[in-house]
Amino acid sequence: FGSSSCIIMDTVHESEVEPPHVVARRTLTAAMQKRVRVEVQDGRVFVGCLECVDYLRNLAVSDAFEVGVRKDDGTLQTRRPISIGVLMIPPEQLKKIEAGGPSKAIRYQPPDSQHSPVV
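Quick note: the sequence shown uses the working numbering, first residue 621, plus one each step.
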């Protein structure tokens with residue numbers, strides 16, 4: 621092997637590590653148009669499709685449903701989903717966001733089979 625034909629990197633230099641805000645932006649961008657679960661400061665939990673984040677860091681979630689409330693002991697008390705429509709969440713109210721569900725083409729299905737699917 622010639623010295624210029626192959627470069628092997630076995631260490632990561634500190635200058636190559638991305639700043640946290642870059643990682644956060646990339647992660648949030650990857651969650652766009654995906655199903656998300658959002659928990660707000662008062663404990664309410666919503667599911668819907670992440671549509672956008674504006675310059676003030678407000679989240680816009682479409683096809684949103686309120687699905688439960690997180691109690692003080694950390695357990696989630698689920699309920700029959702309540703349709704919200706479009707939900708705007710200011711950053712100071714956001715407690716947690718989880719992404720990774722199917723695309724927005726699939727709407728939320730209630731957790732138990734006794735409820736009919738949302739169409």
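C-beta atoms are modelled at their ideal positions from N, C-alpha and C, and glycine is treated no differently.
Run the CB neighbour count on residue i, radius 10 Å, all protein chains shown included, and call it buried at 16 or more, exposed below.
| i | result |
| --- | --- |
| Pro701 | buried |
| Gly720 | exposed |
| Val643 | exposed |
So, for residue i: in the same chain, excluding its five sequence neighbours on each side, which residues have a beta-carbon less than 7 Å away from its beta-carbon?
| i | result |
| --- | --- |
| Phe685 | Phe666, Val667, Gly668, Pro701, Ile702, Ser703, Ile704, Tyr728 |
| Asp680 | The sequence given here has Ala at residue 680, not Asp. Correct list, in chain order: Glu671, Cys672, Val706, Met708. |
| Arg664 | Glu686, Val689 |
In its own chain, which residues sit with a C-beta less than 8 Å from the C-beta of residue i, not counting the 5 before and 5 after it?
| i | result |
| --- | --- |
| Asn678 | Met708, Ile709, Pro710, Pro711 |
| Pro640 | none |
Going by the beta-carbon positions, is the gap between residue i and residue j smaller than 8 Å?
| i | j | result |
| --- | --- | --- |
| Arg690 | Glu659 | yes |
| Ser682 | Val656 | no |
| Gly688 | Leu696 | yes |
Can you name the residues that DSSP bridges to residue i?
| i | result |
| --- | --- |
| Arg700 | The partner list for Arg700 (beta bridge, DSSP) is empty, contrary to what the question assumes. |
| Glu659 | Val665, Lys716 |
| Val681 | Leu670, Leu707 |
Excluding five sequence neighbours on each side, which residues of the same chain lie with their C-beta closer than 6 Å to the C-beta of residue i?
| i | result |
| --- | --- |
| Lys716 | Glu659 |
Can at least three beta-carbon pairs, one atom from the region 703–716 and one from the region 644–656, be found at a separation below 8 Å? no
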